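**Q** Questions regarding the structure given below will be posed in turn.
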Amino acid sequence: MTVAFIGLMLGLSLICPSESRAEKPAIAQIVITNSTKDVLLFGKVKNGFTKEMETALQNGMPVTFTFMVQLRKVRSSWLDRQIASLTFDHTLSYDSLKEEYRVELQEKGGKTVATRSLAEAKDLMAEVNGLRVVPLSRLEADQDYQLRIKAKLVRKTLPLNLNTLIPFWGLWDFETEWHQVEFRY
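Just add 142 to wherever you are in the sequence shown, counting from 1, and you've got the working numbering.
Structure representation (structure tokens):
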């Protein structure tokens, strides 16, 4: 009986995908560059969407990613000094009457981009594209800096404990690890 049980569990583990095997959301493709005036950040959240989130989106529930960015001056003999700390949201919603997705980009002054393509909407949602982190005038020449970025899914609380009735609601929780890039200015 024990051998049969172990065989059954092994078979189920091969058939049913486990949460631990699924790729976790992470920050990827980080590029730090500058314009003539500012430090600019480009990056992307990978593996940030599940089928359950897409289904909920189609049913009128918006999805919000909150991005957190920190820029620090690295100091060897003291604690690092924080130069900038930014937090902003990307919110994705679906308009079923117009059959289009809308992505609101808070760091771009609340600019909303509309598209009929879910893939394009997900890309817009997951990308940080040319974020102005700090003016170059705030950096000192020949110094080391560290930029950190992370993202998390913000879940709106449902009224009257409805979150206990929606089976996929708990699968929405994610927060990436901090992704760090060091550079010298």
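Here a beta-carbon is modelled for each residue, glycine too, at the ideal position from N, C-alpha and C.
This structure is a prediction, so every number in the text was calculated from the model and none was measured.
#1: Identify every residue that forms a DSSP beta bridge with residue 172.
#2: Mind listing, in chain order, the continuous beta strand (DSSP E) runs of no fewer than 3 residues lying wholly within the segment 221-299?
#3: With 16 other CB atoms within 10 Å as the buried threshold, where does residue 262 fall?
#4: Could you tell me how far apart the beta carbons of residue 206 and residue 296 are, in whole angstroms, since I believe they sit closer than 8 angstroms?
#5: Evaluate the contact criterion for the segment 208-219 versus the segment 265-285: three or more CB pairs, one atom per stretch, below 8 angstroms.
#6: Could you give the distance in angstroms between the alpha-carbon of residue 216 and the alpha-carbon of residue 260?
#7: For residue 183, count the other beta carbons within 10 Å of its own beta carbon; 16 or more makes it buried, fewer makes it exposed. Which is it?
#8: Which residues in the same chain as residue 287 place their Cβ atom closer than 8 angstroms to its Cβ, once the five residues preceding and following it in sequence are excluded?
#9: Helix, strand or coil, according to DSSP, for residue 195 in the structure here?
#10: Label residue 264 either buried or exposed according to how many other C-beta atoms from any shown protein chain fall within 10 Å of its C-beta, with 16 as the threshold for buried.
#11: What's the gap between the Cα of residue 283 and the Cα of residue 238?
#12: What is the DSSP secondary structure of residue 302, counted as helix, strand or coil?
#13: Using the DSSP secondary-structure output, state which residues sit across from residue 210 in a beta bridge.
#14: Taking the alpha carbon of residue 243 as the point to measure from, which residue in 173, 179 and 196 has its own alpha carbon closest?
#15: To the nearest angstrom, how far is the alpha carbon of residue 294 from that of residue 240?
#16: Quick check on the DSSP output: the beta strand (DSSP E) that includes residue 324 runs from which residue to which?
#17: Cα separation between residue 322 and residue 289?
#18: Please report the straight-line C-alpha distance between residue 318 and residue 169, rounded to a whole angstrom.
**A** Taking the structure as given:
#1: Start at 1 with the first residue of the sequence shown, and residue 172 comes out as number 30. According to DSSP, residue 172 bridges with nothing at all.
#2: Every unbroken stretch of the beta strand (DSSP E) spanning 3 or more residues and falling wholly within the segment 221-299 is given here in chain order: 223-237, 242-247, 253-257, 269-277 and 286-296.
#3: Residue mapping note: residue 262 aligns to position 120 of the sequence shown, counting from 1. Looking at its Cβ environment, which holds fewer than 16 other Cβ atoms inside 10 Å, residue 262 is exposed.
#4: By one-based count along the sequence shown, residue 206 stands at place 64. By one-based count along the sequence shown, residue 296 stands at place 154. Confirmed, Cβ separation roughly 4 angstroms.
#5: As far as the Cβ criterion goes, the segment 208-219 touches the segment 265-285, which means the pair count is three or higher.
#6: Along the sequence shown, one-based indexing puts residue 216 at 74. Along the sequence shown, one-based indexing puts residue 260 at 118. Between residue 216 and residue 260, the C-alpha separation is close to 40 angstroms.
#7: Locating residue 183 in the sequence shown gives position 41, counting from the first residue. Buried, because 16 or more other Cβ atoms sit within 10 Å of the Cβ of residue 183.
#8: Sequence index remark: in the sequence shown, residue 287 carries index 145 (1-based). Correct list, in chain order: 213, 214, 215, 216, 225, 281, 324, 325, 326 and 327.
#9: Sequence index remark: in the sequence shown, residue 195 carries index 53 (1-based). In the structure shown, residue 195 falls within a helical segment according to DSSP collapsed to helix, strand and coil.
#10: As a working note, residue 264 is residue 122 in the sequence shown. So residue 264 ends up on the buried side.
#11: Within the sequence shown, residue 283 is the residue found at index 141, counting from 1. Within the sequence shown, residue 238 is the residue found at index 96, counting from 1. Approximately 52 angstroms, taken between the alpha carbons.
#12: Indexing the sequence shown from 1 puts residue 302 at position 160. Residue placement at residue 302 cannot be trusted, given a pLDDT of 49 that sits under 50; the coordinates are not used to answer.
#13: On the sequence shown, position 68 is the one that residue 210 refers to. Answer is 229 and 292.
#14: Start at 1 with the first residue of the sequence shown, and residue 243 comes out as number 101. Minimum Cα distance to residue 243 is reached at 196.
#15: Within the sequence shown, the letter at position 152 stands for residue 294. Within the sequence shown, the letter at position 98 stands for residue 240. C-alpha separation (whole angstroms): 28 angstroms.
#16: Taking the sequence shown and counting its residues from 1, one reaches residue 324 at position 182. In the DSSP assignment, residue 324 falls within the unbroken beta strand (DSSP E) covering 321-326.
#17: In the sequence shown, counting from the first residue as 1, residue 322 sits at position 180. In the sequence shown, counting from the first residue as 1, residue 289 sits at position 147. Taking C-alpha positions only, residue 322 is separated from residue 289 by approximately 6 angstroms.
#18: Taking the sequence shown and counting its residues from 1, the one referred to as residue 318 is at position 176. Taking the sequence shown and counting its residues from 1, the one referred to as residue 169 is at position 27. A straight line joining the alpha-carbon of residue 318 with that of residue 169 spans about 7 angstroms.
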